[in-house]
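Asks:
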Amino acid sequence: MSRPPLPIAEYNSEKLRLRLVAPASDLAPYLSGYYRTEVAEGATVEDWLPPEEANLRTGEAEHYQAAIGNELMRDVPPAIISGPTDRVTRLRITHGKFWGIGLTPAGWSRLIGLPANESANRFIDIGVSGAPASLEPMLHELREIGDDLESAANLINATLRSVLEPDAANEQTIQAVHRELVSEDHYAVAPLAEAAGMNPRTLARFCQRHFGFVPRSLLRRQRFLRSLAQYMLDPSMRWINSLDSYYWDQAHFIRDFRATMGMTPSEYARRPHPIVKAAVTVIHQGGGVAMQALYHPDHAQAAQTGL
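Here it is as structure tokens:
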């Protein structure tokens, strides 16, 4: 199978290095990318991450703490499943190296197989997560491989191919709902349900199982991320110029921002964002969007197949 150049995007600063590796074409519908993150010796980075899809993460650091939403900061286990989120994740890392594997909703269903809503807004030690058993040794081995990007990509590809569930009964429907969510065509649940061919109650149960949240929360997350992405790509612009068309006015956006990030847009803008800046840079370079949860499932597959 064709394999893209390694890495396909890279960000470097004095404190942080982030490299993005693309998955093999047959895994592209399930994985948004592999991320190698390094915090320099003697450096500490702190950031407030916006909502995202699920990830597998593994690494080592002198200190690594995180909190989702209003939780208290706590130590992060070496290998975790981080479920989909609809609120801020705060990170504080001192001198560490990590691998991350971004999962699409179809990838969560085919590779993890657990109800997404039970892992939403949580990071869980891989050993007690209930995920397929072979994921834990893969994550531990990734820590040993370290900076060898090609060996790491080969290990991830081989392991996830072996884990990929053969039953794809819901995959087409998951992909169809995913397309509608990222299409920017819907503001309300009723037209989204109609486009997905479900009644609203069925869609709510389906989205909780496969996306982690009810449709209303997912639509709110998408419009928020589209707005934040525009600002992060060009922090010199005013917030009012980055607003998604589905916001009634700036006050509407500020309410969403405070509910999602726990602060106002102005407060967020005044804080440093070393990790978010790096992630936006490499994701935009590698995938044409600015944040993981904005990936279009067809775009991800087409991009890999065309390499």
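Sequence positions in the sequence shown follow our numbering and run 3 to 309. In this text, a Cβ means the ideal position worked out from N, Cα and C, and glycines have one as well.
Could you check if Trp241 is buried or exposed, using at least 16 other CB atoms within 10 Å of its CB as the buried criterion?
Replies: buried
Asks: In three-state DSSP terms, what is Lys99?
Replies: strand
Asks: Okay, do the stretch 75-83 and the stretch 201-216 touch, 3+ Cβ pairs below 8 Å being the bar?
Replies: no
Asks: Going by beta carbon distance, what residues of the same chain come within less than 8 Å of Gln252, once the five residues before and after it are set aside?
Replies: Cβ neighbours of Gln252 beyond the five flanking positions: Trp241, Ile242 and Leu245.
Asks: Once the 5 residues before and after Pro134 are set aside, which same chain residues still bring their CB inside 6 Å of it?
Replies: Val165.
Asks: Going by DSSP, name the residue or residues bridged to Glu40.
Replies: Answer by DSSP bridge pairing, in chain order: Arg19 and Lys99.
Asks: Could you check whether the stretch 54-74 touches the stretch 13-24, counting it as contact only if at least three pairs of C-beta atoms, one from each stretch, sit closer than 8 Å?
Replies: Verdict: no, contact absent.
Asks: Label Pro237 either buried or exposed according to how many other C-beta atoms from any shown protein chain fall within 10 Å of its C-beta, with 16 as the threshold for buried.
Replies: exposed
Asks: Could you tell me whether the Cβ atoms of Ser111 and Tyr297 are closer together than 8 Å?
Replies: Taking 8 Å as the cut-off, the beta carbon of Ser111 is found no closer than this to the beta carbon of Tyr297.
Asks: Between the stretch 260-276 and the stretch 47-54, can you find at least three pairs of beta-carbon atoms closer than 8 Å?
Replies: yes
Asks: Just curious, the alpha helix (DSSP H) that Ile242 is in, first and last residue?
Replies: Trp241 to Ser244
Asks: Could you please give the first and the last residue of the uninterrupted alpha helix (DSSP H) stretch that includes His212?
Replies: Pro202 to Phe213
Asks: Please work out which residues of its chain come closer than 6 Å, Cβ to Cβ, to Asp300, disregarding the five sequence neighbours upstream and downstream, and give them in chain order.
Replies: none
Asks: Assuming the contact rule is C-beta atoms closer than 8 Å, Leu105 and Glu55 should be a hit. Round their C-beta distance to whole Å, please.
Replies: 6 Å
Asks: Please work out which residues of its chain come closer than 7 Å, Cβ to Cβ, to Asn57, disregarding the five sequence neighbours upstream and downstream, and give them in chain order.
Replies: Ser84, Gly102, Ile103, Gly104 and Leu105
Asks: For Gly289, does the three-state DSSP call read helix, strand or coil?
Replies: helix
Asks: Got a sec, what are the start and stop residues for the alpha helix (DSSP H) Asp258 sits in?
Replies: Gln252 to Met263
Asks: Pick from Met239, Ser268, Arg222 and Ala271: whose alpha carbon is nearest that of Asp258?
Replies: Arg222
Asks: May I ask you to report which of helix, strand or coil DSSP gives Glu64?
Replies: strand
Asks: Taking its Cβ as the centre, do 16 or more other Cβ atoms sit within 10 Å of Met234, making it buried, or is it exposed?
Replies: Only buried fits Met234, as 16 or more other CB atoms lie within 10 angstroms of its CB.
Asks: Going by Cα to Cα distance, which pick from Asn172, Arg228 and Phe226 is closest to Ala108?
Replies: Asn172
Asks: In the DSSP assignment, the beta strand (DSSP E) including Ile114 goes from what residue to what residue?
Replies: Element bounds for Ile114: n/a, residue is neither H nor E.
Asks: Are the CB atoms of Arg89 and Asn123 within a distance shorter than 8 Å?
Replies: yes
Asks: Where do the N-terminal and C-terminal ends of the beta strand (DSSP E) with Glu12 fall, by residue?
Replies: Ala11 to Asn14
Asks: Comparing alpha-carbon positions, which option in Trp250, Ile114 and Gly264 lies nearest Gly214?
Replies: When each option's Cα is compared against that of Gly214, the closest is Ile114.
Asks: Distance, Cα to Cα, Leu191 vs Gln232?
Replies: In the sequence as displayed, the identity of residue 191 is Val instead of Leu. Approximately 24 Å between the Cα atoms of the pair.
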